[in-house]
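Novice:
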Amino acid sequence: MRHLMNPLDFSVEELDRLFDLAGRIERDPARYAHACDGKKLATCFYEPSTRTRLSFEAAMLNLGGQVLGFSDAGSSSAAKGESVSDTIRIVSCYADICAMRHPKEGAPMVAAERSSIPVINAGDGGHQHPTQTLTDLLTIHSLKGRLGGFTIGLCGDLKFGRTVHSLINALVRYPDIRFIFISPAELKVPDYITDMLTEKNIPYEEVIRLEDCMPNLDLLYMTRVQKERFFNEEDYVRLKDFYILDKAKLSAAKEDMLVLHPLPRVNEISVEVDDDPRAVYFKQAQYGVYVRMALILTLLGIED
Amino acid sequence: MLNVGKIEEGFVLDHIEAGKSLEIYHHLKLDKLDCTVAIIKNARSNKMGKKDILKVECDINTLNLDILAVIDHNITVNVIKDGKIEDKKELVLPREIHNVLRCKNPRCITSIEQELPHIFVLADEEKEIYRCKYCEEKAGNSFTW
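Just so you know, the protein sequences line up as chains P and L, in that order.
So the first sequence is residues 925 to 1228, counted in the working numbering.
So the second sequence is residues 837 to 981, counted in the working numbering.
Shown next, in the form of structure tokens:
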């Protein structure tokens, strides 16, 4: 039985198959509308996460399956002190597959060890959020037609951004990728990432200003610069506008560059950019549903 | 030079980094054993300059070699039978260690889940880095059991 705990749990070949299946679902959703008839997905969310939970539920409903679950720890047996190990044993009796979000790192792995049904990590604290990475990869794969041979700029909070670290680790498995890290010195990508890139001979650059690299990018992955990450208000005020993507900055970009964002956005992408064909962050949410549909089918072993 | 006599039956931990023997004594829980234990500090060593040695007169099976390997895998373990070295055990870094190190990450599931073992996995053999199986936090030097 397979689970998904980490975006690297699947080999490149397995991801290719997953993305091919997601592509077939996108082209002909009606064909899959009853693929999970009679199957149930349990969404065990120990902390609120509207988008991820709805995306999982939409994916299962699109496949003809049903969903059950809870959306915060207060409404679950965890409030009475039940362990994750016990909860998953019970949930295994009620559902065929489980998506679990938990504030404690490694909780979905504990569940997977005790479970008799496949478990998907839907986010465990600041640790992993593999379906976000799969969503990012599928978006790039679908809209660029490949997962290699490009320059990707990652912008914003590169120090604490879990999605950024996961995406970098996933992309280094593909050929001919060049990274440009765009962030203030306070939020630079951690050394262990740049050490890993150096070790693998993967080119990267670190720049302070978005404008400095815009014309070179094939992809721009935006993240939020959070005020609470700064030591003082002055630094935050000084730096925050560097990382707001607006029409003027985007005008220097290639015609076919894509702008991605894991969402939610606050103000780091100006609303005026939303109508630009290069802005694909809302499409990304749609790909999130396709990739979760493909993942559910794959983990349940349902033949295409 | 101080002389400590031979042991007949037991094991000798040799080439311990000078000053580390007491730490190892506690981690191996040798204070709980009802047998002769000799702690030799700052003995002369051709290889190391100075070294510590522990001589323990009890069955080798009471020794947790995994803990010892994690503390310092360069320590030599001599098994003594009838006053002679019968075997030399090589310490290799175990792939996985259970309930030897405690995960210090307060955000890790091990901090709240009932009776969940603390498991560390060897993530980098060259740099001797262990990471928590659940949250991937790097291991510190906090031995718990």
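Even for Gly, the Cβ is constructed at its ideal location relative to N, Cα and C.
What separation, rounded to the nearest whole angstrom, lies between the Cα atoms of L/Trp-981 and P/Asp-1010?
Specialist: Because L/Trp-981 carries a pLDDT of 46, less than 50, the predicted location of this residue cannot be relied on, and the following value inherits that uncertainty. Each residue's alpha carbon lies about 25 Å from the other.
Novice: Residues in the same chain with beta-carbon distance under 8 Å from P/Val-1131, minus the five sequence neighbours each way, listed in chain order, please.
Specialist: For P/Val-1131, where only same-chain residues beyond five positions count, the Cβ hits under 8 Å are Ile-1104, Phe-1105, Ile-1106, Cys-1137.
Novice: Rounded to whole angstroms, what's the CA-CA distance from P/Met-1033 to P/Leu-965? Just pull it up for me.
Specialist: 18 Å
Novice: Could you have a look at P/Tyr-970 and say whether DSSP puts it in helix, strand or coil?
Specialist: coil
Novice: What separation, rounded to the nearest whole angstrom, lies between the Cα atoms of L/Arg-943 and L/Gln-950?
Specialist: 15 Å
Novice: So what's P/Ala-983 in DSSP terms, helix, strand or just coil?
Specialist: helix
Novice: Would you say L/Cys-971 lies against chain P (beta-carbon separation less than 8 Å)?
Specialist: yes
Novice: Are at least three pairs of beta-carbons, each pair with one atom in the segment 1154–1172 of chain P and one in the segment 1114–1126 of chain P, less than 8 Å apart?
Specialist: no
Novice: Please report the distance separating the alpha-carbon of P/Phe-934 from that of L/Leu-869.
Specialist: 48 Å
Novice: For the structure I just gave you, are there three or more beta carbon pairs, one from the segment 1041–1060 of chain P and one from the segment 1207–1220 of chain P, closer than 8 Å?
Specialist: yes
Novice: With respect to the alpha helix (DSSP H) encompassing P/Cys-1079, which residues constitute its N-terminal and C-terminal limits?
Specialist: Per DSSP, P/Cys-1079 belongs to no alpha helix (DSSP H); it is in the beta strand (DSSP E), 1074–1079.
Novice: By how many angstroms is the C-alpha of P/Gln-1150 removed from the C-alpha of P/Asn-1156?
Specialist: Counting only the Cα atoms, P/Gln-1150 lies some 12 Å from P/Asn-1156.
Novice: Is there at least one Cβ from chain L nearer than 8 Å to P/Met-925's Cβ?
Specialist: no
Novice: For P/Ile-1044, which of helix, strand or coil comes out of DSSP?
Specialist: strand
Novice: Tell me, which residues are paired with L/Glu-853 by DSSP?
Specialist: L/Lys-887
Novice: Alpha carbon to alpha carbon, how far is P/Glu-1037 from P/Lys-1028?
Specialist: Whole-angstrom Cα-Cα distance: 16 Å.
Novice: Which residues bound the alpha helix (DSSP H) around L/Lys-917?
Specialist: It is not in any alpha helix (DSSP H) - L/Lys-917 instead sits in the beta strand (DSSP E) that spans 912–917.
Novice: With C-beta atoms as the reference, is P/Arg-1025 less than 8 Å away from P/Ser-973?
Specialist: Pairing P/Arg-1025 with P/Ser-973 gives a Cβ-Cβ distance under 8 Å.
Novice: Where does P/Glu-950 fall in DSSP's three states?
Specialist: helix
Novice: How many whole angstroms separate the CB atoms of P/Arg-1216 and P/Thr-1063, which I take to be in contact at a CB cut-off of 8 Å?
Specialist: Wrong, their Cβ atoms sit about 13 Å apart, outside the cutoff.
Novice: Going straight from the alpha carbon of P/Val-1195 to that of L/Leu-937, what length do you get?
Specialist: 50 Å
Novice: Which two residues bound the contiguous beta strand (DSSP E) that contains P/Asp-1060?
Specialist: No beta strand (DSSP E) contains P/Asp-1060, which is instead part of the alpha helix (DSSP H) from 1054–1068.
Novice: Rounded to whole angstroms, how far is the Cβ of L/Ile-852 from the Cβ of L/Ile-860, which I believe are closer than 8 Å?
Specialist: 6 Å
Novice: Starting from P/Gly-993, follow the alpha helix (DSSP H) in both directions and report where the run begins and ends.
Specialist: No alpha helix (DSSP H) holds P/Gly-993; the beta strand (DSSP E) holding it covers 990–994.
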